[in-house]
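Residue numbers (our numbering): 5 to 200.
Here a beta-carbon is modelled for each residue, glycine too, at the ideal position from N, C-alpha and C.
Keep in mind it's a predicted model, so treat the numbers as computed, not measured.
For reference, the structure is listed below as structure tokens.
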């Protein structure tokens, strides 16, 4: 099932099949070991442009499960690790055969109790919270939970509700997960849970 961005209703999507050329931004591997496959435009329309979508399928006869990401240009790209490239016998500029379908829903973000109470007390902020993407919610939660003092945390919650109620969808000037994970995870790892 996938949410139609126009009607808000959920609908089934078929398994899609396509061929795409593997692109490795840094073939030397200095900036990590990721490559990408761009979806054809007629296949991209099946997926949300508001955040990552979990997909699973077959890449050159090898099964995979990963996140499909919007490319910021109205399309999507499939992030392929070096291990998956090796397993599927792919190198830079090879044409790959892909078969995939969406699995599950967008990730749920665990909302801290104090933020939840503040959102309940502000209907405009709660409405805005319901309308933003999972990645935006994650960044708001990280901004609040990384406060080192309880007073700072309370101030951030109050500011978050005010900003959300006034129409601000993303927290400003906060580097989010890139900052939180830069010294702790490798490019092959996936962030899955928020700090307590």
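Q: Could you check which residue in 41, 173, 45 has the C-alpha nearest to that of residue 134?
A: 173
Q. Could you check where the beta strand (DSSP E) with residue 136 kicks off and where it finishes?
A. From DSSP, residue 136 is part of no beta strand (DSSP E); its letter is neither H nor E.
Q: Assign residue 154 to buried or exposed, taking buried as 16 or more other Cβ atoms, counted over all protein chains shown, within 10 Å of its Cβ.
A: exposed
Q.
When you compare the CB positions of residue 83 and residue 73, do they come within less than 9 angstroms of one another, or not?
A. yes
(Q) Classify residue 56: buried if its beta carbon has 16 or more other beta carbons within 10 angstroms, exposed otherwise. (A) buried
Q: Determine the closest residue to residue 65 out of 48, 92, 52, with distance taken between C-alpha atoms.
A: 92
Q) In whole angstroms, what is the alpha-carbon distance linking residue 152 and residue 160? A) 11 angstroms
Q: State yes or no: is the C-beta of residue 26 within less than 9 angstroms of the C-beta of residue 80?
A: no
Q: Excluding the 5 residues preceding and the 5 following residue 124 in the sequence, name in chain order all residues of the same chain whose CB lies nearer than 8 angstroms to its CB.
A: 130
Q: Return the first residue and the last residue of the alpha helix (DSSP H) that residue 24 is part of.
A: Residue 24 -> not in any alpha helix (DSSP H); beta strand (DSSP E) instead, spanning 20-27.
Q) Between which two residues does the alpha helix (DSSP H) harbouring residue 43 extend? A) Here residue 43 belongs to no alpha helix (DSSP H), and DSSP marks it neither H nor E.
Q. Applying the criterion that 16 or more other CB atoms from any shown protein chain within 10 Å of the CB defines a buried residue, is residue 71 buried or exposed?
A. exposed
Q: Would you tell me roughly how many angstroms separate the C-alpha atoms of residue 106 and residue 39, rounded to the nearest one?
A: 20 angstroms
**Q.** Buried/exposed call for residue 175, threshold 16 Cβ in 10 Å
**A.** buried
Q) Whose C-beta lies closer than 6 angstroms to the C-beta of residue 144 among residues of the same chain, with five residues either side of it excluded? A) 164, 175
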